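Quick note, the sequence shown lines up with residues 151 to 506 if you use my numbering.
Don't be surprised by glycine CBs; every beta carbon is placed ideally from N, CA and C.
All values derive from a computational prediction rather than experimental measurement.
What follows is a single structure, written as structure tokens, with notes after it.
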Amino acid sequence: MESILQNLNGMAELLAVARIEYVSHWDPETVQRAFQWATYFEHLHGRFRTNTRIRKALADRLLSINESLRNTFELYRELSFEDLGHCRGVLLASLLSNPALPKTLSDTLFARLRPCCCDTTGQRDQSDLNHLIGIARLKAASKVLSHALKLNGSTATNPYPLLLDPETETKREMLLKSLETWMQCPSAGPRDKLVDSLFAQLQQHEINNRSDFSKVVAAVLLAKQTSTESGAVDLALKWLLSNRCQLQTFCHRVPCALLSELAHRYPSFRCAYLEFLTTWARSMEYDFSCGDWRHGSSPELNWKELVDRFMYLLEGPTLVKEATETALCALKADDGDFEVWGISVWTDLLIALKKM
């Protein structure tokens, strides 16, 4: 037990050093040994997490270690027993958030974010995915990764400035790299399951941290694509369109201008977005007391926003405009083809849009 406690001291010191300038002297062999030690402590965590006596001994030692190292290292990150369960992720995040890390090592470490391809049974090492989640959790690492990946910053000429903060760009890049790797899987079935698993965990992480996962998905779909990224983007779009609840959340949270651009780029999204707006319009009820359309159960689904969303589509490229006009005219005809206000939501939408 004493040897384990001594090794724990060494692991905490190693993680502390990973956050300071001394990392500039590390070589690949040093990094490899560091991750071997991190793996060792993950195994210890799994072995002793239900052993009350040993767990308490390790937790108590960590309290003492934290107090000592906090006075030695300015950027020391306190270590808990639970941190030992994902020690490789903590080490990886510490290194990638350190500006002193040599670029050759950052390239090697970034490769650790790529989940290994599944085998014929669809099984894979879940810890790789956990590393991805862990990195996305750290805003400090985002800026470093953005620099390392040479991501473009926001400019006055860029049409999507809201999607270009370092954190979103980093998450977008990591998501694309993971999806590109999974495209190598020989079978579509296991690949789709992995994609679902990744998005589900990332989505839950965003919920827990009160972040907007829709913003990351929009960044993936709207970014300039290389030939290798196009397939990964297709996987992201397929996931979004196959998940009705997430699609609704996405359409509510992403700005109208960006949704209009997506409708232009992706015909399948155009159809899904028009269906979303159609469902919204059908849920509206006419309020004779004020002469306006209202949603019975969700006040935030208001008439003005619905009209604005259709207007963005009508002001878009020709294909989007024509598809929107055709859909509205067909819905108006199916609903009785009225020409006066207050009877058909489709008639009133067309009247309101013409006035704008």
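Assigned with DSSP and collapsed to three states, Met-461 falls in helix. Pairing Ser-244 with Val-167, the inter-Cα distance amounts to about 9 angstroms. For Glu-192, the enclosing alpha helix (DSSP H) covers residues 178-198. Tyr-416 and Pro-467 have their alpha carbons spaced roughly 12 angstroms apart.
Using a Cβ distance threshold of 8 angstroms, Leu-229 and Glu-192 do not count as a contacting pair. Assigned with DSSP and collapsed to three states, Arg-211 falls in helix.
Rounded to whole angstroms, the gap between the alpha carbons of Leu-391 and Glu-171 is 45 angstroms.
DSSP places Glu-411 in the uninterrupted alpha helix (DSSP H) bounded by 406-415. Closest in alpha carbon position to Trp-187, among Leu-424, Leu-397, Ile-154 and Leu-478, is Ile-154. If you check the CB distance, Leu-329 and Ala-382 come in under 8 angstroms.
When the beta-carbon positions are compared, Val-470 and Leu-463 come within less than 8 angstroms of each other. Contact check for Ala-162 against Leu-213 fails: the beta carbons are separated by 8 angstroms or more. Asp-442 sits in a strand when the DSSP states are folded into three classes. Tyr-226 carries a coil assignment under DSSP once its states are collapsed to helix, strand and coil. Counting the other Cβ atoms within 10 Å of the Cβ of Glu-472 gives fewer than 16, which makes it exposed.
A straight-line Cα-Cα distance of about 10 angstroms links Ser-347 and Gln-353.
Between Val-367 and Phe-419, the C-beta gap is not smaller than 8 angstroms, which leaves the two residues out of contact. Take the alpha-carbon of Arg-199 and the one of Glu-152: they are about 18 angstroms apart. A direct Cα-to-Cα measurement between Gly-486 and Thr-476 gives close to 16 angstroms. Between Phe-438 and Leu-503, the CB-CB gap reaches or exceeds 8 angstroms. The three-state secondary structure of Met-151, taken from DSSP, is coil.
For the 8 angstroms CB-CB criterion, Gln-398 and Phe-426 form a contact. The three-state reading of DSSP puts Met-506 in coil, since its state is none of H, G, I, E or B. Per the coordinates, the alpha-carbon of Lys-454 lies some 19 angstroms from the alpha-carbon of Val-490.
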